[in-house]
Amino acid sequence: MEGERIVAKDKKEYLFIPGPTPVPPSVLTAMTKPVIGHRSGEFSRLYRSVVEKMQRVYQTKNDLFVLSNSGTGALEMALANTINPGEKVVSLVTGHFAQRFNRIATVLGADVETLEFPWEGPVDLNVVEKKLEEEDYQAVLVTHNETSTGVVNDLAGLGRLTAQTDALLLVDAVSSLGGVDIKTDEYHLDMVMTSSQKALMLPPGLSAISVSSKAWERVEKCQERTVYFSLNDYRRLMTKGHTPWTPAVGLLYGLEAALDMILTEGLEQVFGRHRRLARAVRAGMRALGLKVVAAEECASPTVTAVWAPAGVDPDELRRFLREELGIYMAGGKGSLAGRIFRFGHMGYVGEFDIITGIAALEMGLARLGRGVRLGAGVAAAQEVLLTRLTEGGIKK
Ligand SMILES: Cc1ncc(COP(=O)(O)O)c(C=O)c1O
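Following this note's numbering, the residues of the sequence shown are numbered contiguously, the last one being 1768.
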């Protein structure tokens, strides 16, 4: 019995879910530092350091706050500080997580106009443009990287539309920031929210929010509706490098280490790696005769949703991967439940993680009686991954 428990405890497992994602050793080590008081000089140094590094990853000079709660809290903070009850917002819905953003706005009493788009594709900018011409809104809500479908929306295009109006552009970048190029200032993104357990390579527990000057003007006009998520309190305490409430100090040490890793690798390299790995996953899926949910031009660099082939229950496939191979992939949400599986590839992931994930899928499909040629998906992915070596000028 004892032996069995040890085997189970030490069994190697691979997280290919789209969050939480694997945490690098240097980040794990940083989180074991002794706890410090959150009103100390060392805390101010740490907090200012993570905020400044996070601004570089966000590509912004806007104010930014790191919060000790998951991403949903950051979405709630954005809305609770900028929208009064009864004010009009337009919510762009292309999947499950956009529905959640929509729900927060509704619960907070906004007058929500929902624009639904097919889940397999991105937001249609022409429809948004027309809507913004027809009526005045206080905000446009968008999910940048729809984790439920693996579809990415065009933030630069949306920013161009909203910048010409009074509406704020509020962006859920929970599963993209740190893995996908988001030029917060250049794209005119008023509030961008993200979470720690995705491309930022940390355990769950932190999130972040950036606030443009246009957004601050709205905050100043908004009635106070939240204490825990008060942006004014965060701004006031930031002058000392503090947070209003007791922060998750250990996670902040981890965040500093993770941001150092990202900035040392270089933003361009990090974004390029995510794009390349995602391309390799999609090539692997195609070679296995599987269809990716997102079209190539809007496919996410951080997560790939794949239609289950006829006769294969994706949840049974995932169960086999999990129980027999220690490989964790995610299932479908909402109307996609039981129809797709999702392969996450963000954060602390490299080429051989992708190869492992594809090889496991091949074994799973073969096991479930789907005639796949073992190695076909892996070979197609390897072809894509090899381009780094040839394009990168590595000598033969
Ligand atoms: C796009 C998106 N938005 C929001 C969330 C919710 O974030 P959290 O679970 O950190 O509250 C998630 C989590 O998967 C997500 O992928």
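In this text, a Cβ means the ideal position worked out from N, Cα and C, and glycines have one as well.
Judging by CA-CA distance, which residue of the options is the nearest neighbour of residue i?
i, options, result
"Leu1733", "Lys1705, Leu1693, Gln1754", "Leu1693"
"Arg1711", "Asp1685, Gly1493, Gly1729, Thr1762", "Asp1685"
"Lys1705", "Ala1470, Arg1691, Thr1404", "Ala1470"
"Pro1681", "Arg1691, Arg1658, Ser1672, Ala1667", "Arg1658"
"Ala1666", "Trp1679, Gly1656, Phe1437", "Trp1679"
"Thr1319", "Glu1505, Ala1731, Val1423, Asn1441", "The question about residue 1319 has no answer, for the chain in this structure spans 1373 to 1768."
"Ser1672", "Val1399, Val1500, Ile1727, Asn1525", "Asn1525"
"Thr1534", "Asp1508, Phe1713, Leu1436, Leu1697", "Asp1508"
"Thr1515", "Tyr1419, Pro1397, Met1426, Leu1549", "Leu1549"
"Ser1421", "Ala1402, Gly1638, Leu1624", "Leu1624"
"Thr1454", "Glu1592, Leu1436, Ala1655, Leu1574", "Glu1592"
"Arg1648", "Ile1634, Val1675, Glu1501, Leu1635", "Val1675"
Work out the CA separation of residue j and residue i for me, nearest whole Å.
i, j, result
"His1717", "Thr1519", "11 Å"
"Arg1645", "Arg1651", "10 Å"
"Asp1562", "Lys1586", "7 Å"
"Thr1466", "Glu1448", "19 Å"
"Gly1729", "Lys1384", "14 Å"
"Ile1554", "Leu1689", "34 Å"
"Glu1374", "His1410", "Residue placement at Glu1374 is flagged as unreliable, the pLDDT there being 43, under the threshold of 50; the coordinate-derived value follows with that caveat. Computed Cα separation, rounded: 42 Å."
"Thr1393", "Leu1609", "31 Å"
"Leu1540", "Ala1446", "16 Å"
"Arg1475", "Arg1760", "42 Å"
"Asn1517", "Ile1389", "15 Å"
"Gln1536", "Ala1452", "23 Å"
"Thr1566", "Gly1522", "16 Å"
"Lys1570", "Leu1740", "30 Å"
"Gly1493", "Cys1670", "7 Å"
"Ser1602", "Asp1382", "43 Å"
"Lys1768", "Thr1762", "Because the pLDDT of Lys1768 is 41, which lies under 50, any placement of that residue in the model is unreliable, and the number read from its coordinates should be weighed accordingly. Each residue's Cα considered, the two are about 8 Å apart."
"Leu1662", "Gly1749", "10 Å"
"Glu1821", "Ser1442", "Summary: the structure shown does not reach residue 1821, with the chain confined to residues 1373 through 1768, and so no result is reported for it."
Just grab the DSSP bridge partners of residue i for me.
i, result
"Glu1488", "Val1465"
"Ala1511", "Val1461, Leu1540"
"Phe1713", "Val1678, Gly1703"
"Asn1356", "Because the chain here runs from 1373 to 1768, residue 1356 falls outside it and cannot be looked at."
"Val1580", "The sequence shown places Ala at residue 1580, not Val. In DSSP, Ala1580 forms a bridge with Val1438, Thr1566."
"Val1664", "Val1678"
"Val1552", "Leu1549"
"Leu1387", "Tyr1700"
"Asp1483", "Lys1460"
Let me know if residue i comes out buried or exposed under the rule of 16 or more other beta-carbons within 10 Å of its beta-carbon.
i, result
"Gln1641", "exposed"
"Glu1414", "exposed"
"Gln1595", "exposed"
"Gln1431", "buried"
"Val1564", "buried"
"Leu1400", "exposed"
"Gly1458", "exposed"
"Ser1579", "buried"
"Ala1655", "buried"
"Leu1746", "exposed"
Within 8 Å (strictly less), CB to CB, does residue i reach chain C?
i, result
"Arg1745", "In the structure shown, chain C does not exist; there is a single protein chain."
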